[in-house]
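Residue numbers (my numbering), protein chains in the order written: chain Y, 484 to 730; chain R, 666 to 743.
Cβ atoms here follow ideal geometry from the backbone N, Cα and C, with glycine treated the same way.
In this text, all values refer to a predicted model and were calculated from it rather than measured experimentally.
Structure record follows, encoded as structure tokens.
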């Protein structure tokens with residue numbers, strides 16, 4: 484068990500295994516995402532209440548889903564960083580924070596544009612929207628803190644603490660639509676119940692969520708590889724890898 | 666198809682600008698992030714390679730042309 488754990492923590496091992504998975508993640512992710520988007524845009528039936536503006540859901544929900552999911556993954560990695568000092572966990576946090584920032588922005592942006600024709604306003608300060616905005620600032624804070632500290636080890640610890648403090652926001656986002664009266668509609672997917680939509684609507688939504696997950700997997704891998712290469716460039720295996728690729 | 670014609674598909678009963686703006690921003694940002702990440706990796710690989718080549722060059726120069734030597738030179742003291 485501990486051997487596997489140590490292996491997982493080895494940048495060299497991760498580099499090898501991720502290189503093998505990345506083409507599949509990229510191709511599968513892009514195909515699923517495009518399939519979900521095209522199906523949602525052109526073939527899914529019109530919503531009886533909202534009309535066609537609801538088609539934004541096929542990108543809004545994946546973006547919002549991933550924005551929160553990435554934060555939870557970062558928090559798990561932050562615990563690993565603090566408890567076991569695993570370098571790879573810290574590299575993960577560093578690599579995916581900008582991805583989380585972009586996806587949170589996309590969730591807010593698509594939500595605002597969806598809100599205008601549907602509820603008549605771009606923005607209101609209700610619980611769901613405000614807690615998502617706080618998530619955006621948390622991502623920004625993580626990136627800024629990491630850049631402000633030049634020493635890799637102290638940066639890793641400071642960032643991990645900040646990420647863990649911010650976790651308190653995640654249940655607030657999740658339950659904001661149930662605890663408070665808000666403009667935002669309740670969750671479309673619940674683990675315990677059947678979706679309240681017909682299959683022609685939720686199947687493409689599921690495809691685009693899965694697709695974005697895979698694309699995120701690819702992004703995480705390539706960004707971690709970049710981080711590994713720049714931090715481990717003094718090691719022999721990186722030198723061999725780089726020089727081999729050239730000839 | 667949920668629409669009767671291509672123009673209806675574009676217009677989306679007046680919701681077209683909202684829907685298409687969202688999809689455009691989403692896919693453009695995603696593509697920029699993906700291409701940017703791939704390019705960042707490429708440039709790190711490139712800078713590593715240049716660093717190794719520079720080092721190799723330096724060590725080659727150092728071995729072929731010693732700037733000082735400790736060899737004893739026998740000069741007559743007469």
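_For residue 533/Y, the nearest candidate out of 634/Y, 654/Y, 597/Y and 606/Y (CA to CA)_ = Working through the first chain from its first residue, we reach residue 533/Y at position 50. It is 597/Y whose Cα lies nearest to the Cα of residue 533/Y.
*So, is residue 666/R buried or exposed, given that buried needs 16 or more other C-beta atoms within 10 angstroms?*
Counted from its first residue, the second chain places residue 666/R at position 1. By the neighbour-count rule (16 or more Cβ atoms within 10 Å), residue 666/R is not buried but exposed.
_Alpha-carbon to alpha-carbon, residue 506/Y and residue 725/Y_ = Position 242 of the first chain holds residue 725/Y. Position 23 of the first chain holds residue 506/Y. Approximately 19 Å, taken between the alpha carbons.
*Could you tell me the distance, in whole angstroms, from the CA atom of residue 702/R to the CA atom of residue 580/Y?*
Numbered from its first residue, the second chain carries residue 702/R at position 37. Numbered from its first residue, the first chain carries residue 580/Y at position 97. Each residue's Cα considered, the two are about 13 Å apart.
_Alpha-carbon spacing of residue 678/R relative to residue 545/Y, whole angstroms_ = In the second chain, counting from the first residue as 1, residue 678/R sits at position 13. In the first chain, counting from the first residue as 1, residue 545/Y sits at position 62. Going from the Cα of residue 678/R to the Cα of residue 545/Y covers about 24 Å.
*Starting from residue 709/Y and walking both ways along the alpha helix (DSSP H), at which residues does that stretch end?*
Residue numbering aside, residue 709/Y sits at position 226 when the first chain is read from its first letter. 682-714 is the span of the alpha helix (DSSP H), which, as asked, contains residue 709/Y.
*Does the count of Cβ pairs from the region 611-620 of chain Y and the region 584-602 of chain Y closer than 8 Å reach three?*
yes
*asked:* With H, G and I counted as helix, E and B as strand and the rest as coil, what does DSSP make of residue 609/Y?
replied: Here residue 609/Y refers to the residue found at position 126 when the first chain is read from its first residue. Residue 609/Y falls in the coil class under three-state DSSP.
*Name the one or two DSSP bridge partners that residue 530/Y has.*
Residue numbering aside, residue 530/Y sits at position 47 when the first chain is read from its first letter. DSSP, once it has assigned bridges, lists 534/Y as partnering residue 530/Y.
_Residues that residue 667/R contacts on chain Y, provided the C-beta gap is smaller than 7 Å_ = Reading the second chain from its first residue, position 2 is the one you call residue 667/R. Ordered by position in chain Y, the residues that pass the 7 Å Cβ test against residue 667/R are 525, 526, 527, 528 and 529.
_Among the candidates 495/Y, 535/Y and 551/Y, whose CA atom is the shortest distance from the CA of residue 651/Y?_
Indexing the first chain from 1 puts residue 651/Y at position 168. That would be 551/Y, whose Cα lies nearest to the Cα of residue 651/Y.
_Of the listed residues 526/Y, 511/Y, 503/Y and 510/Y, nearest to residue 685/Y (C-alpha basis)_ = One-based indexing of the first chain puts residue 685/Y at position 202. Nearest option by C-alpha distance: 526/Y.
*In angstroms, rounded to a whole number, what distance separates the CA positions of residue 672/Y and residue 719/Y?*
For the purposes of this step, residue 672/Y is taken as residue 189 along the first chain, with counting starting at 1. For the purposes of this step, residue 719/Y is taken as residue 236 along the first chain, with counting starting at 1. The straight-line gap from Cα to Cα measures roughly 48 Å.
_Would you call the region 681-700 of chain Y in contact with the region 515-523 of chain Y, where contact means no fewer than 3 C-beta pairs closer than 8 Å?_
yes
*Under a three-way DSSP split, which group does residue 663/Y fall into?*
Working through the first chain from its first residue, we reach residue 663/Y at position 180. In the structure shown, residue 663/Y sits in coil (DSSP, three-state: anything other than H, G, I, E or B).
*Out of 682/Y, 649/Y and 701/Y, which has the shortest C-alpha to C-alpha gap to residue 614/Y?*
Residue numbering aside, residue 614/Y sits at position 131 when the first chain is read from its first letter. Among 682/Y, 649/Y and 701/Y, the Cα nearest to that of residue 614/Y is on 649/Y.
*If you run the structure through DSSP and keep just helix, strand and coil, what is residue 730/Y?*
Along the first chain, read from residue 1 onward, the residue named residue 730/Y stands at position 247. Because the pLDDT of residue 730/Y is 47, which lies under 50, any placement of that residue in the model is unreliable, and the number read from its coordinates should be weighed accordingly. It is coil, neither helix nor strand.
*Can you say whether residue 704/R is buried or exposed, counting buried as having 16 or more other CB atoms within 10 angstroms of its CB?*
Position 39 of the second chain, counting from 1, holds the residue named residue 704/R. When all chains shown are included, residue 704/R counts as exposed.
_Where the alpha helix (DSSP H) through residue 668/R begins and ends_ = The residue given as residue 668/R occupies position 3 in the second chain. Premise fails: residue 668/R is in no alpha helix (DSSP H) and is neither H nor E.
*Interface partners of residue 694/Y on chain R, CB under 7 Å*: Locating residue 694/Y in the first chain gives position 211, where the first residue counts as 1. Near residue 694/Y there are no residues of chain R at all, since even the closest Cβ is about 11 Å away, more than 7 Å.
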